[in-house]
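Residue numbers (this note's numbering): 8 to 350. Glycine is no exception: its CB is placed at the ideal position from the N, C-alpha and C atoms. Owing to the predicted nature of the structure, the values given are computational and were not obtained by experimental measurement. Below: the structure, in C-alpha cells.
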Amino acid sequence: MHPLVEKVLQGEVRATARLLRQIDDRVGSWREALAQLYPHTGRAEVLGITGNPGAGKSTLTDQLVASYRKDGRRVAVLAVDPTSPFSGGAILGDRIRMQRHALDPGVFIRSLATRGQLGGLSRSTADSVAVLDAFGAEVILVETVGVGQDELDIAKLAHSTVVVMAPGLGDDVQAVKAGLLEVADVFVVNKADRDGADATVRDLEMMIGLGHELLHSGAHSLGHAAGTLDLAREAHRTLAESEWLVPVVKTVASRGEGVPALREALAKHREHLAGTDRGAARRAQSARENLRVVFQALLLERATTCLGEHLERAAEAILARREDPYTAATELLERFLASPRAP
Ligand SMILES: Nc1nc2c(ncn2[C@@H]2O[C@H](COP(=O)(O)OP(=O)(O)O)[C@@H](O)[C@H]2O)c(=O)[nH]1
Ligand SMILES: [Mg+2]
Numbered sequence: 008m009h010p011l012v013e014k015v016l017q018g019e020v021r022a023t024a025r026l027l028r029q030i031d032d033r034v035g036s037w038r039e040a041l042a043q044l045y046p047h048t049g050r051a052e053v054l055g056i057t058g059n060p061g062a063g064k065s066t067l068t069d070q071l072v073a074s075y076r077k078d079g080r081r082v083a084v085l086a087v088d089p090t091s092p093f094s095g096g097a098i099l100g101d102r103i104r105m106q107r108h109a110l111d112p113g114v115f116i117r118s119l120a121t122r123g124q125l126g127g128l129s130r131s132t133a134d135s136v137a138v139l140d141a142f143g144a145e146v147i148l149v150e151t152v153g154v155g156q157d158e159l160d161i162a163k164l165a166h167s168t169v170v171v172m173a174p175g176l177g178d179d180v181q182a183v184k185a186g187l188l189e190v191a192d193v194f195v196v197n198k199a200d201r202d203g204a205d206a207t208v209r210d211l212e213m214m215i216g217l218g219h220e221l222l223h224s225g226a227h228s229l230g231h232a233a234g235t236l237d238l239a240r241e242a243h244r245t246l247a248e249s250e251w252l253v254p255v256v257k258t259v260a261s262r263g264e265g266v267p268a269l270r271e272a273l274a275k276h277r278e279h280l281a282g283t284d285r286g287a288a289r290r291a292q293s294a295r296e297n298l299r300v301v302f303q304a305l306l307l308e309r310a311t312t313c314l315g316e317h318l319e320r321a322a323e324a325i326l327a328r329r330e331d332p333y334t335a336a337t338e339l340l341e342r343f344l345a346s347p348r349a350p
C-alpha cells in the first residue's frame, strides 16, 4: 500500500496535506494513492460556494464551518483560486479569515493553486475532494471564484451549489453571468446589511418565478427579448431539469446572520436529491464528467509526448498558411494512431 494511504484513511492531517500537495503539483506517486483511496470515497457531502470576487464567499464559508462544527461534523475547506496562478496556492486573506478554526482538529483547510495545466483546476479539485472524503471529512466546502469555467466544473462536482451575490458590487441580477445563475441550487444575497439587498432578492425571486411561469405556460417559444427574459429562460431550464424551486437566502456573513436559514435550504436540497432520482442522476453525470475530463487530459498528454516535434512543424505549416488547422490536426491524429505503440 502507498505509504500515505493508510494514514489518510486514519484521518491523519499531515499525511493528507502532503498527498494534497502532491496532487496539486502532480508529483510523487499520487495516482497510485488515489487509486487505493477511491473505494473509500463517496460518503462526504460536497458543497460548492461560488460567486463574484468580494461577494463574501470566504466569510460565509467560515461561518458554515463554525455551524457544521457546532453539530460535531468534520469539515474540510478547499479554496480554489484560479485568479492567482503565481500565489503558490496560499490565499493569505482566506487563511487569516479562517484562523479561528486553525487549532480545531475537526477542520481541515487547504488552498489549491492551479498551475495552468489542461483541465488542471477541475482535475486537482476533484482529486482533492476524493482525498478529503477518504480522510473522513463529512462536509467538504469548495470555494471557487465564479469567473470563467470553474463554477460550471464545481457544479458538476458538488452535491449542492451555493451562488453568493452582494448588492452594490454590480452584482445585481442582470450583471451576474448567466452561467453562474444556471448552476445555483441555492442563492445567497450576502451583505444584507447594505442598501439594495432587498432589491436583489426581489429580482432573483422574480427571475425564478418567471422561469416557473414560463415552464407552465410554454411561453419559452417567445422571441428574443430583454436580458430578463434570457435569465428567466435559464431559471426555467434549471427548473425544468430539477423541479427544484431555487430558494433565495439573505445573509450578513460577517455577523453570521442567515446562516441557519442557509443550512436549512441546503438540507432541503439534499432531501430533494435523495427523495427523487435527481440525486442519482447527478452522481452519474458527475462520474461521466470526471471520466471525460481525465480521459481528455491523458489522451492529449500521450499524444503530445508521442508527436513531439511534429506538433511544432504543424504549427509552422499553419503559420505559413500551407495548411489549415483542421488538416494539420487530422494529420497529427493519424500519425498518433499509426504510431507503433501509442505510448
Ligand atoms: N458589510 C458586509 N461586509 C461583508 C459581509 N460579508 C463579507 N463582507 C466583507 O466583504 C469583503 C469580501 O469578503 P470575502 O469573504 O473575502 O469575499 P470573497 O472574495 O467572495 O471570498 C471582506 O472585507 C468581508 O469582511 C457582509 O455580510 N456584510
Ligand atoms: Mg474568497
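DSSP places M213 within a helical segment (H, G or I) once states are collapsed to three. Distances between the C-beta of E319 and the heavy atoms of ligand 2 are all 7 angstroms or more.
Going by DSSP, E319 is part of the alpha helix (DSSP H) stretching over 316-326. With respect to L269, L54 sits apart: the two C-beta atoms are not nearer than 8 angstroms. Every residue with a CB closer than 5 angstroms to a heavy atom of ligand 2 is listed here in chain order: K64, S65. Between the alpha carbons of V149 and V84 lies a gap of roughly 6 angstroms. In terms of Cβ geometry, G61 and A206 do not form a close pair [threshold 8 angstroms].
Here the region 164-173 makes contact with the region 186-195; the two share three or more CB pairs at distances below 8 angstroms. Distances from the CB of S261 to the heavy atoms of ligand 1 include at least one below 7 angstroms. When DSSP states are grouped into helix, strand and coil, E330 belongs to the coil group. The shortest C-alpha to C-alpha distance from P267 to any of T151, V72, A335 is the one to V72. When Cβ pairs closer than 8 angstroms are counted between the two stretches, the region 27-47 is seen not to touch the region 279-286, the count staying below three. A straight line joining the alpha-carbon of A24 with that of F115 spans about 9 angstroms. For T168, the pairing in a beta bridge is given by DSSP as G55. When the beta-carbon positions are compared, I147 and A22 stay at least 8 angstroms from each other.
For the pair G18 and V138, the Cα-to-Cα distance works out to about 10 angstroms.
H317 and D32 have their alpha carbons spaced roughly 28 angstroms apart. Annotation for V87 indicates a beta carbon at 7 angstroms or more from all heavy atoms of ligand 1.
A321 and S346 have their C-alpha atoms spaced approximately 17 angstroms apart.
If you look at R28, you'll find it in the alpha helix (DSSP H) that goes 20-32.
Shortest gap from the CB of G143 to any heavy atom of ligand 1: 7 angstroms or more.
Beta-bridge partners assigned by DSSP to F115: A83. Residue state for E250 is assigned as coil, using DSSP reduced to three classes.
Of R130, Q70, R299, the smallest CA-CA separation from G265 is found for Q70. Placement of the Cβ of V136 at a distance of 7 angstroms or more from every heavy atom of ligand 1 is found.
Here the distance from the Cβ of A62 to the nearest heavy atom of ligand 1 is below 7 angstroms.
For secondary structure counted as the alpha helix (DSSP H) over 4 or more consecutive residues, the region 250-294 holds these complete runs in sequence order: 266-282.
Closest in alpha carbon position to Q29, among L305, V208, R130, is R130.
One alpha carbon belongs to T312, the other to A327, and they sit about 24 angstroms apart. In this structure, the C-beta of R201 approaches ligand 1 to less than 7 angstroms from one of its heavy atoms. Under the three-state reduction of DSSP, T337 is assigned to helix. Note that the C-beta distance between A133 and R81 is not below 8 angstroms. A Cβ-Cβ contact shorter than 8 angstroms links T258 with N197.
Residue R76 holds the alpha-carbon nearest to the alpha-carbon of P112 among R76, S135, D140. Of the residues H9, A291, E250, A141, the one whose Cα lies closest to the Cα of T48 is A141.
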